[in-house]
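Here the sequence shown is numbered in my numbering, starting from 2 and rising by one per residue.
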Amino acid sequence: MAMNDRAQLHTLEGLSAAFIITLTVLTITQSTIIVTPQNELAMDVQLEQLSSDSLAVIDMAHHGPIRNNLTECIAAWDMTEAVYPDNNLEELDAPLSYLLPGILYNVDLAYFNNDDLNVKKVIIHGSPSENAVVVRHLVTLTNETVSLAGGGWNLADDEIKVVEVRMTAWKV
């Protein structure tokens, strides 16, 4: 029996072509940078993440450029509601403005008092736009924390108060 060299040559050509095409496709997909346009949804996600991260950073702060952590800031609140343009929680407003340059925000505190939900405005920087996002962070207050911060919370010695910090953020 005679061997057909031509058939083997066609097989090797086909395998070589498939290998070259596979390498070409792999090279193109691995080296191409796909740039997606900044649509409104992507910007909202970035704004929400940045806002949430800023509250988390303040909550974990142990002195340095941020003087008080989030719990200490909320514990120091004097229980009066802010009226635009005056803010009554400067301990929180200063680090937020540092961490969120070019972003406007309002901060509300929500807590239960005798089974009633109270929502108080503590920082007001204007009226939110349509693309505003809301992030939330919980803090726990004790009588000791409030006493050390000099706040206006009236807590019993064994009472624990959970406060939701709601920040509405938007870009102009």
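Just so you know, even glycine gets a beta-carbon here, dropped at the ideal spot from N, CA and C. All figures in this text were calculated on a predicted structure; none of them were measured in a lab.
Starting from residue i and walking both ways along the beta strand (DSSP E), at which residues does that stretch end?
| i | result |
| --- | --- |
| valine 163 | 161-172 |
| aspartate 109 | 104-114 |
Quick check: is any heavy atom of the ligand GTP less than 7 angstroms from the C-beta of residue i?
| i | result |
| --- | --- |
| asparagine 70 | In the structure shown, the ligand GTP is absent, as is every other ligand, since no ligand is present at all. |
From residue i to residue j, what does the alpha carbon distance come to, in whole angstroms?
| i | j | result |
| --- | --- | --- |
| leucine 100 | serine 52 | 9 angstroms |
| leucine 174 | leucine 10 | Past the edges of the chain, shown from 2 to 173, lies residue 174, and the structure says nothing about it. |
| glycine 152 | glycine 103 | 30 angstroms |
| valine 108 | methionine 168 | 4 angstroms |
| isoleucine 80 | proline 129 | The sequence shown places methionine at residue 80, rather than the isoleucine named in the question. Computed Cα separation, rounded: 23 angstroms. |
| tyrosine 106 | tryptophan 171 | 6 angstroms |
| arginine 1 | valine 164 | Any question about residue 1 goes unanswered here, given that the chain covers just 2 to 173. |
| valine 173 | alanine 133 | 10 angstroms |
| methionine 44 | glutamate 14 | 50 angstroms |
Over the uninterrupted alpha helix (DSSP H) stretch that includes residue i, give me the two end residues.
| i | result |
| --- | --- |
| valine 147 | 144-150 |
| alanine 76 | 71-76 |
| proline 96 | 91-100 |
Which term fits residue i, buried or exposed, when burial requires 16 or more other beta carbons within 10 angstroms of its beta carbon?
| i | result |
| --- | --- |
| asparagine 1 | Because the chain is modelled from 2 through 173, residue 1 falls outside the range shown and cannot be assessed. |
| serine 55 | buried |
| aspartate 117 | exposed |
| alanine 8 | exposed |
| alanine 18 | exposed |
| valine 140 | buried |
| aspartate 94 | buried |
| leucine 24 | exposed |
| leucine 149 | exposed |
DSSP has residue i in a bridge; who is on the other side?
| i | result |
| --- | --- |
| asparagine 119 | Tyr112 |
| leucine 139 | Glu165 |
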